[in-house]
Amino acid sequence: MILMRLAVVQTNPVFGEVRNNLAAALAMMERERADLYVLPELFNTGYNFIDRNEVQKLSEPVPGMTSQSMAAFAKERNCFVVYGFAEKSEGIFNSAALVGPEGVVGVYRKVHLFDRENLFFTPGDRGFPVFDLPIGKIGIMICFDWMFPESARSLALNGAQLIAHPSNLVMPYCPDAMVTRCLENRVFAATTDRVGRENRGGFDLSYKGMSEIVSPRGEILRRLGTDKEEIAVLEIDLEAAKNKKINSQNDLIANRRVDQYSLQ
Ligand code: ACM
2 MILMRLAVVQ TNPVFGEVRN NLAAALAMME RERADLYVLP ELFNTGYNFI
52 DRNEVQKLSE PVPGMTSQSM AAFAKERNCF VVYGFAEKSE GIFNSAALVG
102 PEGVVGVYRK VHLFDRENLF FTPGDRGFPV FDLPIGKIGI MICFDWMFPE
152 SARSLALNGA QLIAHPSNLV MPYCPDAMVT RCLENRVFAA TTDRVGRENR
202 GGFDLSYKGM SEIVSPRGEI LRRLGTDKEE IAVLEIDLEA AKNKKINSQN
252 DLIANRRVDQ YSLQ
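In our numbering, each residue's number is its place in the sequence shown (first place is 1) plus 1.
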């Protein structure tokens, strides 16, 4: 059994205050030792953009200021960090980066854009990546991707033992739904949400909190509150995600009847 320390870092960013939001998240992370920290979606910019100009202004490339700061933290602490940010590249993507002691390991670009995100971001075009790290196999999806079971399934089929799931939840369903995503794929998930409210440009959004760590058996190992910044750290054994058998006859991956499904 190899235990790893997993942290969910539930923050309350102030819209547009990239440097302050980054500093506040790092201050929370410094309080707890972990092998992997998972931060919310768009943790450094805030979520409720008014127009594309704002997204353009607040987005950053990789490498950029945020990836460099996170990589410095990861190097000093010998750990990994997954965080959501607005990625400036050939388009502007709602992305999550994975950084470690040696710098940026990879970037996931959100595939299923939610509501007004469709006005501001380019949809992700690189599928659902899984990164083989010394601490285990880590897959990434972002927030609304949870509502498409194909996202978590793709990550599980690609070998993910843990789904790192940066989120900004505005609907109440995800924390309970992730129990099913974990159960049906026999994977761990770390859903990290934010808290607080952003009332901008006539759109009033309140974020649900309830960041959580769920086991491959669908157990909610830890769930945070709805209104406070908080960091939770748990020791988990990622090996538990390797066994897809639920009894002597049923293996959740091998028993799939792909010839019977209509997926196109
Ligand atoms: C969401 O995907 N941020 C709801």
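Yeah, the Cβ is synthetic: ideal placement off N, Cα and C, and Gly gets one too.
Query: Please tell me whether GLU230 and MET30 are closer than 8 Å, where the distance is taken between their beta carbons.; Result: no
Query: Would you grab the beta carbon distance between MET142 and ILE164 for me? Rounded to a whole angstrom, and I think it's under 8 Å.; Result: 6 Å
Query: Can you tell me the Cα-Cα spacing of GLY104 and LYS76, whole angstroms?; Result: 8 Å
Query: With hydrogens ignored, establish whether the beta-carbon of ASN119 is closer than 7 Å to any heavy atom of the ligand ACM.; Result: no
Query: Is GLU42 close to the ligand ACM? I mean its beta-carbon at under 7 Å from any heavy atom of the ligand.; Result: yes
Query: Return yes when at least one heavy atom of the ligand ACM lies under 7 Å from the C-beta of LEU23, else no.; Result: no
Query: Whose CA, out of PHE16, GLN162, LEU27 and GLY65, lies closest to the CA of LEU4?; Result: GLN162
Query: DSSP three-state call for GLN11: helix, strand or coil?; Result: strand
Query: Give the secondary structure of THR123 by DSSP, where H, G and I count as helix, E and B as strand, and everything else as coil.; Result: coil
Query: Apart from the five residues on each side of it in sequence, which residues of its chain come closer than 7 Å, Cβ to Cβ, to ASN49?; Result: PHE16, GLU199, ARG201, PHE204 and LEU206
Query: Just checking, does the region 181-198 make contact with the region 36-43 on the three C-beta pairs under 8 Å criterion?; Result: yes
Query: Of the choices ARG34, VAL108 and VAL63, whose alpha-carbon is the least far from that of ILE232?; Result: ARG34
Query: I'd like the span of the alpha helix (DSSP H) that includes ASN54, first residue to last.; Result: 53-59
Query: Assuming contact is defined by CB atoms lying nearer than 8 Å, are SER60 and ALA98 in contact in what I supplied?; Result: no
Query: Which complete beta strand (DSSP E) runs does the region 126-166 hold, if anything under 3 residues is left out?; Result: 131-134 and 137-141
Query: Is VAL56 near the ligand ACM, going by C-beta to nearest heavy atom under 7 Å?; Result: no
Query: Along the chain, which unbroken stretches of the alpha helix (DSSP H) at least 4 residues long are found entirely within the region 179-259?; Result: none
Query: Taking 8 Å as the threshold (C-beta atoms), are ARG224 and PRO150 in contact?; Result: no
Query: Taking 7 Å as the line, does the beta carbon of VAL39 fall inside it for any heavy atom of the ligand ACM?; Result: no
Query: Given a cut-off of 8 Å on the beta-carbon distance, is the pair VAL9 and SER212 in contact?; Result: yes
Query: Would you say the beta carbon of LEU7 is closer than 7 Å to some non-hydrogen atom of the ligand ACM?; Result: no
Query: With which residues is ALA87 paired in a DSSP beta bridge?; Result: ASN95
Query: From LYS243, ILE139 and ASP116, pick the residue whose C-alpha is nearest to that of ALA190; which is it?; Result: ILE139
Query: Using a threshold of 8 Å, state whether the C-beta atoms of VAL112 and PRO124 are closer than that.; Result: yes
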